[in-house]
Amino acid sequence: MPIDVDSSNFQTEVLERSRQTPVVVDFWATWCGPCRTLGPVLEAAVEARDGEVVLAKLDTDANPQLSQRYQIRSIPAVKAFRDGAVVSEFVGAIPRASVDRFLDGVAPSETDQLLAAGDEASLRRAANLSPDRADVVIPLARRLHQRGEDDEALALLRKVPGFAAQGLIAQIELERAHVVELEPAWKELGAGRDGQALDLLLAALPGSGERREQLRRVVIGVLDRMQPAEASPYRRKLASALY
Numbered sequence: 009m010p011i012d013v014d015s016s017n018f019q020t021e022v023l024e025r026s027r028q029t030p031v032v033v034d035f036w037a038t039w040c041g042p043c044r045t046l047g048p049v050l051e052a053a054v055e056a057r058d059g060e061v062v063l064a065k066l067d068t069d070a071n072p073q074l075s076q077r078y079q080i081r082s083i084p085a086v087k088a089f090r091d092g093a094v095v096s097e098f099v100g101a102i103p104r105a106s107v108d109r110f111l112d113g114v115a116p117s118e119t120d121q122l123l124a125a126g127d128e129a130s131l132r133r134a135a136n137l138s139p140d141r142a143d144v145v146i147p148l149a150r151r152l153h154q155r156g157e158d159d160e161a162l163a164l165l166r167k168v169p170g171f172a173a174q175g176l177i178a179q180i181e182l183e184r185a186h187v188v189e190l191e192p193a194w195k196e197l198g199a200g201r202d203g204q205a206l207d208l209l210l211a212a213l214p215g216s217g218e219r220r221e222q223l224r225r226v227v228i229g230v231l232d233r234m235q236p237a238e239a240s241p242y243r244r245k246l247a248s249a250l251y
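Residue numbers (the numbering used here): 9 to 251.
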C-alpha cells in the first residue's frame with residue numbers, strides 16, 4: 009500500500025527513508041483524470057517489486073510548498089528519491105511497461121544488493137554479474153591481495169577502468185618487484201594509514217627511475233579514494249614531485 013505524505017512527514021517518510029530504500033513519490037490531485045489512470049498502474053508495479061521500492065502519494069493541492077519546491081508544473085508527476093535526492097522522474101500517465109522500465113532504474117540491482125551485503129561470497133557473485141564495476145571489484149581484489157592471491161586480484165582488476173584499479177595493479181606489481189625502500193609504504197597502506205603511505209611514496213618519486221610511472225599510478229589511486237579536502241595537499245605535492 010502507498011504511504012500518504014505531506015509537509016509534516018515528507019522529511020521522514022521520503023527523504024530519510026530513501027537512504028535505506030528508494031522512495032517513488034506520486035504527485036497527484038483529486039481532480040486530475042490522468043492521475044487516476046496512473047495511480048493503480050503505479051501501485052501494481054511497485055507492489056510487484058516486493059519491497060524493493062516504497063510508493064508515496066502527495067496531494068499537490070494540499071501541499072503547495074512541496075509542489076513548488078520540487079517544481080511540479082504538470083501532474084501526474086512521479087519522482088524517485090534515493091539517499092535524500094531525486095534520481096529519476098517522469099510526467100504523465102505512462103503505460104505499465106514504461107513504469108516497469110522506470111522502476112528498473114530506481115530499484116537496487118542484484119549487484120547492488122550483493123555489494124551491500126559486503127561479504128566475500130557476495131562480492132564474488134557481484135563481480136561475476138558486473139565485472140567492470142570498480143566499486144565491486146576493488147574491495148574484492150583488496151581482500152585477495154591481503155591474502156597474497158595476487159594473480160586472481162590482477163585478473164579482476166584488469167577488467168576495470170579507473171584510477172583506483174590502475175593504482176592497485178601498480179602497487180601489486182611493485183610489491184612483486186621487492187623494492188626494499190617501498191616496503192614501509194606498503195605496510196602503511198595495509199594498515200589503512202593512507203596519509204603516511206603517501207608521504208613515503210611521494211618521497212620515493214624523485215629517484216624512482218623506471219618505476220616512476222608505477223609509483224605515480226599508486227599515488228593517484230590512493231588519492232582517488234580520499235576526500236577532496238584530505239587529498240588536496242597531496243595532489244600539490246605530487247605535482248611538485250613530478251614537475
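Think of the CB as a built atom: it goes at the ideal place given N, C-alpha and C, for glycine as much as any other residue.
Three or more C-beta pairs below 8 Å linking the region 119-127 and the region 92-111: Below 8 Å, too few C-beta pairs join the region 119-127 and the region 92-111 to call them touching: fewer than three.
Which partner residues does K87 have in the DSSP bridge list? Walking along the sequence shown from the start, residue 87 turns up at place 79. For K87, which the question treats as bridged, DSSP gives the partners V33 and E97.
Would you mind working out which of S216, G203 and V32 sits nearest S240, comparing C-alpha positions? Numbered from its first residue, the sequence shown carries residue 240 at position 232. Out of S216, G203 and V32, G203 has the C-alpha closest to the C-alpha of S240.
Count the CB pairs spanning the region 162-177 and the region 185-194 that are closer than 8 Å, and state whether there are at least three. No, because fewer than three Cβ pairs between the region 162-177 and the region 185-194 fall closer than 8 Å, the two stretches do not touch.
In the structure shown, what three-state DSSP assignment does I146 receive? If you number the sequence shown from 1, residue 146 lands on position 138. Helix, per DSSP.
Tell me the rounded alpha-carbon separation between E196 and A205. Along the sequence shown, one-based indexing puts residue 196 at 188. Along the sequence shown, one-based indexing puts residue 205 at 197. Rounded to the nearest angstrom, the gap between the Cα atoms of E196 and A205 is 5 Å.
Cβ-Cβ distance between V32 and L63 below 8 Å: By one-based count along the sequence shown, residue 32 stands at place 24. By one-based count along the sequence shown, residue 63 stands at place 55. Taking 8 Å as the cut-off, the beta carbon of V32 is found closer than this to the beta carbon of L63.
V230, DSSP secondary structure in three states: The residue labelled residue 230 in the question sits at position 222 within the sequence shown. Of the three classes helix, strand and coil, the one that applies to V230 here is helix, per DSSP.
Selection from G156, D159, D120 and E157 that minimises the alpha carbon distance to D143: Position 135 of the sequence shown holds residue 143. Comparing Cα positions, the closest option is D120.
Does DSSP put D159 in a helix, in a strand, or in coil? Walking along the sequence shown from the start, residue 159 turns up at place 151. Residue state for D159 is assigned as helix, using DSSP reduced to three classes.
Nearest-angstrom Cα separation, counted from G198 out to S130: Taking the sequence shown and counting its residues from 1, the one referred to as residue 130 is at position 122. Taking the sequence shown and counting its residues from 1, the one referred to as residue 198 is at position 190. For the pair S130 and G198, the Cα-to-Cα distance works out to about 23 Å.
Would you check if the distance between the CB atom of G229 and the CB atom of A161 is smaller than 8 Å? Indexing the sequence shown from 1 puts residue 229 at position 221. Indexing the sequence shown from 1 puts residue 161 at position 153. The criterion of a C-beta distance shorter than 8 Å is not satisfied by G229 and A161.
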